[in-house]
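Peer 1:
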Ligand SMILES: [Zn+2]
């Protein structure tokens, strides 16, 4: 696998474990402006893996693109739906009724707030570690996208914004657990195979397109299509190439940013993927 997130994980693990055990008893303030607050009931294993994953994703961006988030990150890890709902009310400004309705459905919630990036992650004992880490890292990638390209331009081609957030998250999951990119690829293809209908990538452009497709095709088909297409890009060009699309997006429109990042014509690639991943 290309990229650097596999960096010498084992050697610093002992040291990290020590640091983490110190941090665990209280909200931790890292040197890079990351504060991780584990609420009572979160297991030390969950806390440890999430902390390593968050360190790995910030390293991924600083090593590959010399990028650091400009705001502080505050991450709250909760053990259950009730605590999740409480945080939605106290830190995200939700009305209690809405918070209690949404808490059981959501795995995490991110907010680009004034002065800080805020993320709450649900780490139930029954949740698989790869899934929890994926949720957390996916949201963090969005913050980097918004920082370099702005939220408006990032949202112009949603399948790339969502797919890249997920595939970069998969790469980080692979540094903390033994789940591989190939396993994810098979899962996505399986979901698409079982879907009643699959959206074309051109149906997944604007935020409005995305919402309409979610209604029409369901979340499984929509996210899997976007992710499977980006997995293909990652396989051809390397996962580290994916974020150059957003860096290029600062200066040029999406199709040009795509061509510069991947050396491919965007619409041609979309057509190829629609054929390859569509219903035959
Ligand atoms: Zn997303």
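Residue numbers (our numbering): 17 to 296.
Just so you know, even glycine gets a beta-carbon here, dropped at the ideal spot from N, CA and C.
#1: Judging by CA-CA distance, which residue of 104, 144, 124 and 99 is the nearest neighbour of residue 62?
#2: Please go through the same chain and pick out, in chain order, the residues whose beta-carbon is closer than 6 Å to the beta-carbon of residue 99, but skip the five residues on each side of it.
#3: Ordered along the chain, which non-local residues of its own chain (more than five positions away) have a Cβ less than 7 Å from that of residue 37?
#4: Applying the 10 Å Cβ sphere with the 16-neighbour rule, what's the burial state of residue 271?
#5: As a quick check of your reading: which residues have a C-beta less than 6 Å from at least one non-hydrogen atom of ligand 1, in chain order?
#6: Look at the alpha carbon of residue 188 and the alpha carbon of residue 113, and state the distance between them as a whole number of angstroms.
#7: Note down, in chain order, each residue of its chain lying with its Cβ closer than 7 Å to the Cβ of residue 59, except the 5 sequence neighbours on either side.
#8: I need the straight-line Cα distance from residue 119 to residue 279, nearest angstrom please.
#9: For residue 135, which of helix, strand or coil comes out of DSSP?
#10: Give the range of the beta strand (DSSP E) segment to which residue 128 is assigned.
#11: Along the chain, where does the beta strand (DSSP E) that runs through residue 90 open and close?
#12: Can you list, in chain order, the residues of its chain with a C-beta nearer than 6 Å to that of residue 253? Leave out the 5 residues immediately preceding and following it.
#13: Output needed for residue 286: all residues of its chain with C-beta closer than 7 Å, excluding positions within five of it in sequence on either side, in chain order.
#14: What's the C-alpha gap between residue 107 and residue 211?
#15: Does the distance from the C-beta atom of residue 66 to that of residue 148 stay below 8 Å?
#16: Decide if residue 224 is buried, meaning its Cβ has at least 16 other Cβ atoms within 10 Å, or exposed.
#17: Report all residues from its chain with a CB closer than 7 Å to the CB of residue 260; omit the five preceding and five following residues, and keep chain order.
#18: For the beta strand (DSSP E) holding residue 82, just list the boundary residues, first then last.
#19: For the putative contact between residue 250 and residue 183, defined by C-beta atoms under 8 Å, what is the C-beta separation to the nearest angstrom?
#20: Enumerated in chain order, which unbroken segments of the alpha helix (DSSP H) with a length of 4 residues or greater are wholly contained in the stretch 212-257?
#21: Residue 208 and residue 240 look like a contact to me (Cβ under 8 Å); what is the Cβ gap, rounded to whole Å?
#22: With burial defined as no fewer than 16 other Cβ atoms inside 10 Å of the residue's Cβ, what is the status of residue 196: buried or exposed?
#23: Need the endpoints of the alpha helix (DSSP H) that residue 152 sits in, please.
#24: Is residue 121 helix, strand or coil when you go by DSSP?
#25: Output the boundary residues of the beta strand (DSSP E) element that contains residue 185.
#26: Look up residue 168 in the DSSP assignment and give the residues it is bridged to.
#27: Considering residue 54, what are the terminal residues of the beta strand (DSSP E) in which it resides?
Peer 2: The answer reads as follows:
#1: Comparing alpha carbon positions, the residue from 104, 144, 124 and 99 closest to residue 62 is 144.
#2: Cβ neighbours of residue 99 beyond the five flanking positions: 55.
#3: With a pLDDT of 38 at residue 37, under the threshold of 50, the modelled position of this residue cannot be trusted; read the value that follows with caution. Answer for residue 37: no residue qualifies.
#4: Burial call: exposed.
#5: By the rule of a C-beta closer than 6 Å to any heavy atom of ligand 1, the residues picked out are 154, 158, 178 and 181.
#6: Cα atoms of residue 188 and residue 113: separation of roughly 35 Å, rounded to the nearest angstrom.
#7: Excluding five sequence positions before and after residue 59, the CB atoms of its chain that fall closer than 7 Å to its own CB belong to 141, given in chain order.
#8: Approximately 42 Å between the Cα atoms of the pair.
#9: For residue 135, the secondary structure class from DSSP, reduced to helix, strand or coil, is strand.
#10: Start and end: 124-129.
#11: Note, residue 90: beta strand (DSSP E), 88-94.
#12: Excluding residues within five positions, the ones whose Cβ falls inside 6 Å are 278.
#13: If we look at residue 286 and ignore the five residues flanking it on each side, its Cβ neighbours are 217 and 218.
#14: Taking the straight line joining both Cα atoms gives about 37 Å.
#15: When the beta-carbon positions are compared, residue 66 and residue 148 come within less than 8 Å of each other.
#16: Residue 224 sits exposed, since fewer than 16 C-beta atoms from the chains shown fall within 10 Å of its C-beta.
#17: The beta carbon of residue 260 sits closer than 7 Å to the beta carbons of 277 from its chain, once the five residues preceding and following it are set aside; these are given in chain order.
#18: Unbroken run through residue 82: none, as it is neither H nor E.
#19: Contact holds; Cβ gap of about 5 Å.
#20: For the stretch 212-257, whole alpha helix (DSSP H) runs of length 4 or above, ordered along the chain, are 223-233 and 235-253.
#21: Their Cβ separation, rounded to whole angstroms, is 5 Å, which keeps residue 208 and residue 240 in contact under 8 Å.
#22: Answer is exposed; the Cβ neighbour count stays below 16.
#23: It spans 145-165 - the alpha helix (DSSP H) in which residue 152 sits, taken as one unbroken run.
#24: Of the three classes helix, strand and coil, the one that applies to residue 121 here is coil, per DSSP.
#25: No beta strand (DSSP E) contains residue 185, which is instead part of the alpha helix (DSSP H) from 174-192.
#26: Its beta-bridge partners do not exist; DSSP assigns none.
#27: 50-54 is the span of the beta strand (DSSP E), which, as asked, contains residue 54.
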